[in-house]
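Peer 1: Handing you a structure now.
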Amino acid sequence: MDEQPRLMHSHAGVGMAGHPGLSQHMEGTGGTEGDGRKQDIGDILQQIMTITDQSLDEAQARKHALNCHRMKPALFNVLCEIKEKTVLSIRGAQEEEPPDAQLMRLDNMLLAEGVSGPEKGGGSAAAAAAAAASGGGAGADNSAEHSDYRAKLSQIRQIYHTELEKYEQACNEFTTHVMNLLREQSRTRPISPKEIERMVGIIHRKFSSIQMQLKQSTCEAVMILRSRFLDARRKRRNFNKQATEILNEYFYSHLSNPYPSEEAKEELAKKCSITVSQVQMHLGIVSNWFGNKRIRYKKNIGKFQEEANMYAAKTAVNATNVSSHGSQANSPSTPNSAGSAGSFNMSNSGDLFMSVQSLNGDSYQGAQVGANVQSQVDTLRHVISQTGGYSEGLTASQMYSQQSINANGGWQDATTPSSVTSPTEGPGSVHSDTSN
DNA sequence: ACGCATGATTTCCG
DNA sequence: CGGAAATCATGCGT
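FYI, UniProt numbering numbers position 175 of the first sequence as 175, with every residue one higher than the one before it.
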């Protein structure tokens, strides 16, 4: 529009003589030049002013008439000129502000909580976050609280998404509407694309401030849910007998090195979860249990003596049963990472057995006499008994005494020198839990 | 109500 | 980051 030749040098009254059509018309009316023009312009302005009061059809017709009016280009130019003077002041005022920190915070949180993330992944992300908060438990979390939490979260998530979508849709609708309107109006008055853009920006800002409110309330809801969940999480439920039995069995049969590997933990968790009738039990819980057990055992070995003997006997019986059956399908978990896949066939156990032999030899040759050897031996012996190579686990009960702990001042000391025999760490994968 | 057992959390360390 | 140790908080038998 700025390219339009400046035919008008001043507004209203004077310099209109330049317009060809205008002067032509003026002479025809016969009135005073100035009067006629004024009246004409006043007429048009009046029409414009009242255009909003008319019905749609009427307005449409009027609009058309106005657009075709011979004075229209002139008026357009006047508007152009006025605009040119005001637009500069507007320009200065409109600079885009930096992205709102508050909004970013909310966005980040929603993303972290899995509310605004990808569809299904969101739930698991949130669960993972919750599990992480609970002390590093990952994997199968099918506890009642988790499912409850997830259900609530997905509810929030759903509401959030539908609302967001609604807002977005409304925003788009409104924006296109305004844009159409402005485009339409740009025929009667000068509107630059930049201005339209600016208008759209304003609209978007308005809508995003509404969105922010939505996000804020969603965040609040999540926080409330989370705190409630965390509080609930702190509640302690004792494991049932079977679960404790399984854990104790593992503990006492690996007394010399009661550090289950990740695989072993997982297996234990699975096993306990089955016997415990689905709910609870994951790696974190198993870790907790072993942590507590180790500490408390070490603190007061005497108190646990009876228990130790009992489980020793039990595992011994288990071992004989297993060996006579020729299968170790449900013996207390495999302590080695080699069998992590769960397949633990004979050839595999044969390999293990060989390595066990060599390891023992090495240890004794290297004068690594002492508890570490002892500890390895008894762990390995357990492995052997599991693999059906031996049925000698019966003699193990004596090894389950505190000797194996006390003699070397704790598991820490016992396991540390085992790294000395690390060249034989191949079979030492039995001890992968310590290296992990 | 009390005390012990025990699961969970926190803090510290290598 | 995994484990030890300390601590918290609850479950449960008395």
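Idealized CB from N, CA, C, for every residue including glycine.
1) Using CA atoms only, rank isn't needed, just tell me which of K235, N240, T315 and K241 is closest to L255.
2) List, from N- to C-terminal side, the alpha helix (DSSP H) runs of 4 residues or more that fit wholly inside the segment 174-254.
3) Within a Cβ cutoff of 7 Å, which residues of the same chain sit near Q47, ignoring the five residues on either side of it in sequence?
4) With R70 as the anchor, note down where its alpha helix (DSSP H) starts and where it stops.
5) Report yes if the CB atom of L106 is closer than 8 Å to the CB atom of M212, and no otherwise.
6) Between I196 and L182, is the Cβ-Cβ spacing less than 8 Å?
7) Pick from E58, E163, K72 and D57: whose alpha carbon is nearest that of D43?
8) Once you ignore the five residues that flank L214 on each side, which residues in its own chain have a CB closer than 6 Å to its CB?
9) Less than 8 Å between the CB atoms is what I'm expecting for R240 and E307, so what's the real figure, rounded?
10) Sort E245, H64, C219 and T86 by Cα distance to S116 and report the nearest one.
11) Counting C-beta neighbours from all protein chains within 10 Å, is the total for H282 16 or more, i.e. buried, or is it exposed?
12) Mark S261 as exposed unless 16 or more other C-beta atoms lie within 10 angstroms of its C-beta, in which case mark it buried.
13) Determine, using beta carbons only, whether R189 and L45 come nearer to each other than 8 Å.
14) Give me the Cα-Cα distance between I41 and A170, rounded to the nearest whole angstrom.
15) Considering only C-alpha positions, which residue in the set K271, S55 and K235 is nearest to T244?
16) Among residues of its own chain, excluding the 5 on either side of S124, which ones have a beta-carbon nearer than 7 Å to its beta-carbon?
17) Compute the distance between the beta-carbons of Y311 and Y259, then report whether it is under 8 Å.
18) Rounded to whole angstroms, what's the CA-CA distance from Q155 to R236? Just pull it up for me.
19) With C-beta atoms as the reference, is Y167 less than 8 Å away from I210?
20) Alpha helix (DSSP H) containing N292: first to last residue?
21) Could you compute how far the alpha carbon of Y250 sits from the alpha carbon of L110?
22) Give the secondary structure of N108 by DSSP, where H, G and I count as helix, E and B as strand, and everything else as coil.
23) Would I285 be called buried (16 or more neighbouring beta carbons within 10 Å of its own) or exposed?
24) What's the gap between the Cα of A269 and the Cα of K293?
25) May I have the straight-line CA-CA distance separating K299 from D100, to the nearest angstrom?
26) Please report the straight-line C-alpha distance between T175 and V200, rounded to a whole angstrom.
Peer 2: Once the coordinates are examined:
1) The residue with the shortest Cα to Cα distance from L255 is T315.
2) Within the segment 174-254, complete alpha helix (DSSP H) segments of at least 4 residues are found at 193-234 and 241-253, given in chain order.
3) Within the same chain, R62 and L66 come within 7 Å of Q47 by CB-CB distance, once the 5 residues on both sides are set aside.
4) It is not in any alpha helix (DSSP H) - R70 carries neither H nor E in the DSSP assignment.
5) In contact: L106 and M212 (Cβ atoms closer than 8 Å).
6) Taking 8 Å as the Cβ cut-off, I196 and L182 qualify as a contacting pair.
7) The candidate whose alpha carbon is nearest that of D43 is K72.
8) For L214, where only same-chain residues beyond five positions count, the Cβ hits under 6 Å are E163.
9) Checking the sequence shown, residue 240 turns out to be Asn, not Arg. Actually they are not in contact, since the Cβ atoms of N240 and E307 sit about 17 Å apart, beyond 8 Å.
10) Checking every option, the nearest Cα to that of S116 belongs to C219.
11) Within 10 angstroms of the beta-carbon of H282 lie 16 or more other beta-carbons, which makes it buried.
12) S261 is buried by the Cβ-count criterion.
13) Remark: C-beta atoms of R189 and L45 do not approach each other more closely than 8 Å.
14) Computed Cα separation, rounded: 39 Å.
15) Answer by Cα proximity: K271.
16) No answer about S124 holds up, because its pLDDT of 46 lies below 50 and its placement is not dependable.
17) No, they are not a contact pair.
18) R236 has its alpha-carbon roughly 27 Å from the corresponding atom of Q155.
19) Less than 8 Å divides the Cβ of Y167 from the Cβ of I210.
20) Segment L283 to K299, the alpha helix (DSSP H) holding N292.
21) The alpha-carbon atoms of Y250 and L110 are separated by roughly 42 Å.
22) The three-state reading of DSSP puts N108 in helix, counting H, G and I together.
23) The C-beta of I285 has 16 or more other C-beta atoms within 10 Å across all chains shown, which makes the residue buried.
24) Looking at the two C-alpha atoms, the distance is approximately 16 Å.
25) Straight through space, the alpha carbons of D100 and K299 are spaced by roughly 55 Å.
26) For T175 and V200, the distance between alpha carbons rounds to 6 Å.
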